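Chemist: First the structure, which I've put down as structure tokens, then a few questions once you've had a look.
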Amino acid sequence: MKRVLFLTYYWPPSGGSGVQRPLKFVKYLRQYGWEPVVYTVENGEFPEIDNSLLKEIPENITVLKNKIFEPFSFYKWFIGKKKDYKLVAGYMHQKKTTKWTEKIALWIRSNLFIPDARMFWIKPSIDYLSVWLKKNKVDAIITTGPPHSVLLIGLGLKRKHKLPWLVDFRDPWTEIDYYKDLNLSKFADNEHKRLEKEVLKFADAVVCVSPDWGEGLARIGNRKVEYISNGFDDADIHDEIKVNLDIKFSIVHIGMMGKSRNHAIFWQAISEIIESNSEFEKDIEIKLFGKCDASVNESIAFYKLTEYAKIHDYIPHNEIVYVQKSAQVLYLSVNETANAKGILTGKIYEYLAVKRPILCIGPEDGEAAKVVLESGAGNVAGFHDIEKLKSNILSFYQNYKSKIPFESGKNYQKYSRKLQTGELAALLDKIALKK
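For the sequence shown, the numbering used here assigns the number 453 to the initial residue and increments by one for each residue that follows.
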């Protein structure tokens, strides 16, 4: 069996979306002739802790851990947060106001820590793994990012050891949705772009989760970029366990809702339907699971929807499937950003797998819309098409009132994590054979 050294910052007990892709790849790589050796952080700053994911780590797998120095302790002290405060990606603000200290801290974080605040892990990791590689043979290396500092560890190892190297972009780098919000100096912007091109130049294979994003990376690096989507794990869905649907007409959103995912037309549409339909007012229930930007609470208050909407804390991954299965409608909110067409959030595939109707707000010609519509899994309205959105909501509501069962989507099995790992293994075989 060939061996691959798999570098990832996010690893159980880390929760959140960033851990799912590396964990599922590692879970199934053995079935395709590759023995993974994981390298991760010993004392990471994770958005959530989810101990349930520890059970998914394959038995007898080698997991190498190395300590990291991260400036987040000082960062949290500077902005007035407690040590146990969980930082979230995407520069989301959970309170209404952003203090001047947070603005200064963001500038420092963006311009002095390149490519990100995990930069201090790069050299120690290259040194640590170089010693390990002298005693242990591997046939290839995988690095997955963000954080993009992990990709620079891979770049250093590639230069020193000349091993086949596969780079996995779970999100873009300089075309990531919040890049413009970093307030980068010209020097910092140029440095990000230089490092990105270096990674794209030296990698033996580059993988991205969205065709549109892949085109962007291909243009930047002037090279071929492969597409392996995110997906769902059949083992997480528990088809053998039946769950009762919510009694109320529940619209459920899973995962973080940052400012760019908080669409005013959603709340406006709900408010206008309530005003014109007394039955809908009695039935509607909106449930959001995960951290939400302060703008979400502002929208709920502005449209007078406090009694209809509730924000819940993070739920462990092995439990959230039951929330999804019981939902009358699952809400898929695509970030309204410059790269919106290419956004394919990981949750879309789990939405497909639990076979509940999907209400999507996003570009009607975007990648998310394509997946939803091709799978027959729901409907889509553009960011500013409130009439279509109201029509879509009422269509689901009429089915709810008439007790018409949802006919589950089609062609979604191709998004199985197991099958996607097979695609990854095939790429590893290809670059290892060249070596």
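The C-beta atom is built at its ideal place from N, Cα and C for all residues, glycine as well. Small disclaimer: the values here were computed from a predicted structure and weren't measured.
Which residue's Cα is closest to the Cα of GLY673: TYR630, VAL824 and TRP625?
Modeler: Numbered from its first residue, the sequence shown carries residue 673 at position 221. Of the listed residues, the one whose Cα sits closest to GLY673 is TRP625.
Chemist: To the nearest angstrom, how far is the alpha carbon of TYR679 from that of ALA820?
Modeler: Here residue 679 is taken as the residue at index 227 of the sequence shown, counted from 1. Here residue 820 is taken as the residue at index 368 of the sequence shown, counted from 1. Taking the straight line from one Cα to the other gives about 15 Å.
Chemist: Could you spell out where the beta strand (DSSP E) holding THR797 opens and where it closes?
Modeler: Taking the first residue of the sequence shown as position 1, residue 797 is located at position 345. Note, THR797: premise wrong, no beta strand (DSSP E); not H, not E.
Chemist: When DSSP builds the beta bridges, which residues end up paired with GLY597?
Modeler: Working through the sequence shown from its first residue, we reach residue 597 at position 145. Answer is PHE621, bridged to GLY597.
Chemist: For the beta strand (DSSP E) containing SER681, list its first residue and its last residue.
Modeler: Locating residue 681 in the sequence shown gives position 229, where the first residue counts as 1. Element bounds for SER681: n/a, residue is neither H nor E.
Chemist: How would you write the range of the alpha helix (DSSP H) that GLY874 sits in, first residue to last?
Modeler: Counting from one through the sequence shown, the residue named residue 874 turns up at place 422. Counting along the chain, the alpha helix (DSSP H) containing GLY874 begins and ends at 869–886.
Chemist: Among GLY861, ALA779 and GLN720, which residue has its Cα nearest to the Cα of ALA753?
Modeler: Working through the sequence shown from its first residue, we reach residue 753 at position 301. Here the closest residue by C-alpha is GLN720.
Chemist: What residues are listed by DSSP as bridge partners for ARG455?
Modeler: Translated into positions along the sequence shown, residue 455 becomes position 3. Answer is GLU487.
Chemist: Could I get the ranges of all uninterrupted beta strand (DSSP E) runs contained in the region 692–780, with 3 residues as the minimum, in chain order?
Modeler: 701–706, 736–741 and 761–764
Chemist: Cα-Cα, which of GLY467, ILE763 and LEU647 is closest to ASN770?
Modeler: Residue 770 sits at position 318 when you count from the first residue of the sequence shown. Ranking the options by Cα distance to ASN770, first place goes to GLY467.
Chemist: Flag this pair as yes or no: are the beta carbons of ARG808 and PHE848 separated by less than 8 Å?
Modeler: Position 356 of the sequence shown, counting from 1, holds the residue named residue 808. Position 396 of the sequence shown, counting from 1, holds the residue named residue 848. Not closer than 8 Å, so no.
Chemist: I'd like to confirm the pairing. Which residues does DSSP put opposite VAL659 in its beta bridges?
Modeler: Position 207 of the sequence shown holds residue 659. Beta-bridge pairing links VAL659 to ASP620 and GLU678.
Chemist: Among the residues of its own chain, which have a CB less than 6 Å from the CB of ASN851, if the five just before and after it don't count?
Modeler: For this step, residue 851 is matched to residue 399 along the sequence shown. No residues qualify anywhere along the chain.
Chemist: Spell out the partners DSSP gives LYS517 in its beta bridges.
Modeler: Along the sequence shown, read from residue 1 onward, the residue named residue 517 stands at position 65. Bridge partners of LYS517: THR492.
Chemist: Using 8 Å as the Cβ pair cut-off and three pairs as the minimum, do the region 789–809 and the region 743–763 touch?
Modeler: Taking 8 Å as the limit for Cβ pairs, the verdict is that the region 743–763 does not touch the region 789–809.
Chemist: Less than 7 Å between C-beta atoms, sequence neighbours within five positions excluded: which residues of the same chain meet that for GLY830?
Modeler: Here residue 830 corresponds to residue number 378 of the sequence shown, with the count starting at 1. Closer than 7 Å at Cβ, skipping near neighbours: PRO809, ILE810, LEU811, CYS812 and VAL824.
Chemist: I want to know whether the region 593–610 touches the region 456–464 - three or more CB-CB distances under 8 Å.
Modeler: yes
Chemist: Using alpha carbons as the reference points, say which of ASN495, LEU475, TYR491 and PHE521 lies closest to LYS507.
Modeler: Here residue 507 corresponds to residue number 55 of the sequence shown, with the count starting at 1. LYS507 has its Cα closest to that of LEU475, out of ASN495, LEU475, TYR491 and PHE521.
Chemist: List, from N- to C-terminal side, the alpha helix (DSSP H) runs of 4 residues or more that fit wholly inside the region 786–856.
Modeler: 799–806, 819–826 and 838–853
Chemist: Check each candidate in ILE725, LEU697 and ILE838 and name the one with the smallest Cα separation from VAL773.
Modeler: The residue you call residue 773 lines up with position 321 of the sequence shown. Nearest to VAL773 by alpha-carbon distance, out of ILE725, LEU697 and ILE838, is LEU697.
Chemist: State yes or no: is the C-beta of VAL471 within less than 8 Å of the C-beta of LEU505?
Modeler: Position 19 of the sequence shown, counting from 1, holds the residue named residue 471. Position 53 of the sequence shown, counting from 1, holds the residue named residue 505. Against a cut-off of 8 Å, the Cβ pair of LEU505 and VAL471 comes out as a contact.
Chemist: Please report the straight-line C-alpha distance between ASN512 and ARG482, rounded to a whole angstrom.
Modeler: One-based indexing of the sequence shown puts residue 512 at position 60. One-based indexing of the sequence shown puts residue 482 at position 30. One Cα belongs to ASN512, the other to ARG482, and the distance between them is close to 12 Å.
Chemist: Drop a sphere of 10 angstroms on the beta-carbon of LYS777, count the other beta-carbons inside from all chains shown, and report buried for 16 or more, exposed for fewer.
Modeler: One-based indexing of the sequence shown puts residue 777 at position 325. LYS777 comes out buried.
Chemist: Helix, strand or coil, according to DSSP, for ALA640 in the structure here?
Modeler: Counting from 1 along the sequence shown, the entry for residue 640 is found at position 188. Looking at ALA640 - three-state DSSP - the assignment turns out to be helix.
Chemist: What do you get for LEU879, buried or exposed, if any count of 16 or more other CB atoms within 10 angstroms of its CB means buried?
Modeler: Locating residue 879 in the sequence shown gives position 427, where the first residue counts as 1. Looking at its Cβ environment, which holds 16 or more other Cβ atoms inside 10 Å, LEU879 is buried.
Chemist: Let me check understanding here. Comparing Cα to Cα, which of PRO523, TRP584 and VAL493 lies closest to VAL602?
Modeler: Within the sequence shown, numbered from 1, the residue matching residue 602 stands at position 150. When only C-alpha atoms are compared, the closest one is VAL493.
Chemist: Go through its chain and collect everything with a Cβ distance to TRP617's Cβ below 6 Å, but skip five positions before and after it.
Modeler: Here residue 617 is taken as the residue at index 165 of the sequence shown, counted from 1. Cβ neighbours of TRP617 beyond the five flanking positions: ILE593, GLY606, LYS610, ALA655 and ASP656.
Chemist: By how many angstroms is the C-alpha of LEU782 removed from the C-alpha of TYR755?
Modeler: Counting from 1 along the sequence shown, the entry for residue 755 is found at position 303. Counting from 1 along the sequence shown, the entry for residue 782 is found at position 330. Approximately 21 Å between the Cα atoms of the pair.
Chemist: Would the beta-carbon of TYR669 fall within 8 Å of that of VAL658?
Modeler: Here residue 669 corresponds to residue number 217 of the sequence shown, with the count starting at 1. Here residue 658 corresponds to residue number 206 of the sequence shown, with the count starting at 1. The sequence given here places Leu at residue 669; Tyr does not occur at that position. Yes, the pair counts as a contact, with Cβ atoms nearer than the cut-off.
Chemist: Starting from LYS587, trace the alpha helix (DSSP H) both ways and give me its first and last residue.
Modeler: Here residue 587 refers to the residue found at position 135 of the sequence shown. Note, LYS587: alpha helix (DSSP H), 574–587.
Chemist: Can you round the beta-carbon distance between GLY742 and GLY707 to whole angstroms, since I take them to be within the 8 Å contact cut?
Modeler: Residue mapping note: residue 742 aligns to position 290 of the sequence shown, counting from 1. Residue mapping note: residue 707 aligns to position 255 of the sequence shown, counting from 1. About 5 Å; that satisfies the 8 Å criterion.
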